[in-house]
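Engineer:
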């Protein structure tokens, strides 16, 4: 607390005057270099002598010489003012090509499958030395952004902390997926079949349940979720070798269904489209590198639009 109070009492202009006095070794010349009159510079020197408890400049013949304390202060003062100038100067123009920074991003493999290739291409082209570390979504994405543990998060969010910033990236729809040679599901999937089958659910944050179960609960219905996995690709692979039904992203299912011998069917209940949102903390709003990366996500989403 004592240091903070002492620092708060420091007049930065007085430090600039001290640097001029030590550099010129003359009150008159120091005043000229700062655009001040000799009396004004003499007043500044008097204040400095009181503050530092040292005469700083002493008369020697017709001129003045620095005291030992002043000689010792000169290089340190020049370095200090140079550093202050750097801190207070406007930020340099941001150049992505020179960016060497690691960004930690929470996302699902859903987002990576839809936007990943385009994101990678844009970042390699614009900021080849930047590093992107993708990690699985967490129930604590908001808190981790607030604490600075991650830089961005992408997902489907409800009840977000009010201070967080959001940007919609893309919209997706639900589709039901079964293996192509499923023994009971043919060209359509009825609600009765849907409820009688065992379900596999993708739960990226490790929490089974969610929107589909809420819609069913409103209708006084429920499904049996026999398996819950954290990854979309895993869910689709498991469906290929089982009799489960999976309600999943249409974009991901369409991309992988031909390779995995899967059948896509409209859900037998009304499910609204959903939006994947980019999330960040407002302290990053003005950061040029962070702003550039957010723009990369937006451009990738635009390029991936169906």
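In this note's numbering, the protein residues as written are 66 to 371. Cβ coordinates follow ideal geometry from the N, Cα and C atoms, glycine included.
Of all the options 91, 207 and 228, which has the alpha carbon lying nearest to the alpha carbon of residue 220?
Structural biologist: Nearest of 91, 207 and 228 to residue 220, Cα basis: 207.
Engineer: If residue 263 sits next to residue 309, beta carbons under 8 Å apart, how far is it from one beta carbon to the other, in whole angstroms?
Structural biologist: Contact holds; Cβ gap of about 6 Å.
Engineer: If residue 28 sits next to residue 292, beta carbons under 8 Å apart, how far is it from one beta carbon to the other, in whole angstroms?
Structural biologist: Since the first and last residues shown for the chain are 66 and 371, residue 28 lies out of range.
Engineer: When you compare each of 248, 105 and 106 to residue 306 by their alpha carbons, which one comes out closest?
Structural biologist: The candidate whose alpha carbon is nearest that of residue 306 is 248.
Engineer: Would you check if the distance between the CB atom of residue 327 and the CB atom of residue 259 is smaller than 9 Å?
Structural biologist: It is not a contact, given that the beta carbons lie outside the stated cut-off.
Engineer: Measuring alpha carbon to alpha carbon, tell me which of 238, 242, 237 and 217 ends up nearest residue 231.
Structural biologist: Residue 231 has its Cα closest to that of 217, out of 238, 242, 237 and 217.
Engineer: Along the alpha helix (DSSP H) that carries residue 300, what are the first and last residues, could you check?
Structural biologist: Counting along the chain, the alpha helix (DSSP H) containing residue 300 begins and ends at 297-305.
Engineer: Just the C-alpha distance for residue 108 and residue 147, rounded to the nearest angstrom, thanks.
Structural biologist: If you take the alpha carbons of residue 108 and residue 147, they lie about 24 Å apart.
Engineer: Just how far apart, CA to CA, sit residue 349 and residue 158?
Structural biologist: Their backbone Cα atoms lie some 17 Å apart in a straight line.
Engineer: Excluding sequence positions up to five away, which residues of its chain have a Cβ less than 7 Å from the Cβ of residue 69?
Structural biologist: Bear in mind that a pLDDT of 45 at residue 69, under 50, signals an unreliable position, so the model cannot answer this.
Engineer: Using the Cβ count rule (16 or more neighbours within 10 Å means buried), how would you classify residue 252?
Structural biologist: Its Cβ having fewer than 16 others within 10 Å, residue 252 is exposed.
Engineer: Is residue 313 near residue 241, with beta carbons less than 9 Å apart?
Structural biologist: It is a contact, given that the beta carbons lie within the stated cut-off.
Engineer: Look at residue 322 and residue 311 and say whether their C-beta atoms are less than 9 Å apart.
Structural biologist: Not a contact, by the Cβ cut-off of 9 Å.
Engineer: Would you check if the distance between the CB atom of residue 229 and the CB atom of residue 347 is smaller than 9 Å?
Structural biologist: Yes, the pair counts as a contact, with Cβ atoms nearer than the cut-off.
Engineer: How many Å lie between residue 89 and residue 102 at the Cα?
Structural biologist: Taking the straight line from one Cα to the other gives about 15 Å.
Engineer: Taking the Cβ atom as the reference point for each residue, do residue 336 and residue 280 lie within a distance shorter than 9 Å?
Structural biologist: Yes, Cβ-Cβ distance for residue 336 and residue 280 is below 9 Å.
Engineer: Less than 9 Å separating the beta-carbons of residue 188 and residue 361?
Structural biologist: A contact, by the Cβ cut-off of 9 Å.
Engineer: Measuring straight from C-alpha to C-alpha, what distance separates residue 34 and residue 202?
Structural biologist: Since the first residue shown for the chain is 66 and the last is 371, residue 34 is missing from the structure and cannot be characterised.
Engineer: Since residue 164 and residue 144 should fall inside the 8 Å C-beta cutoff, what is the C-beta to C-beta distance between them, to a whole number of angstroms?
Structural biologist: Not a contact, Cβ separation roughly 28 Å.
Engineer: Can you give me the C-alpha to C-alpha distance between residue 297 and residue 161, rounded to a whole angstrom?
Structural biologist: Rounded to the nearest angstrom, the two C-alpha atoms are 32 Å apart.
Engineer: Distance, Cα to Cα, residue 174 vs residue 324?
Structural biologist: Using only the alpha carbons, I get a separation of about 17 Å.
Engineer: Thinking just about the alpha-carbon of each residue, which of 294, 283, 318 and 277 is nearest to the one in residue 270?
Structural biologist: The option with the nearest alpha carbon to residue 270 is 294.
Engineer: Contact defined as beta carbons within less than 8 Å: I believe residue 142 pairs with residue 84. What is the distance between those atoms, to the nearest angstrom?
Structural biologist: Contact holds; Cβ gap of about 5 Å.
Engineer: What is the rounded straight-line gap between the Cα of residue 183 and the Cα of residue 212?
Structural biologist: Whole-angstrom Cα-Cα distance: 29 Å.
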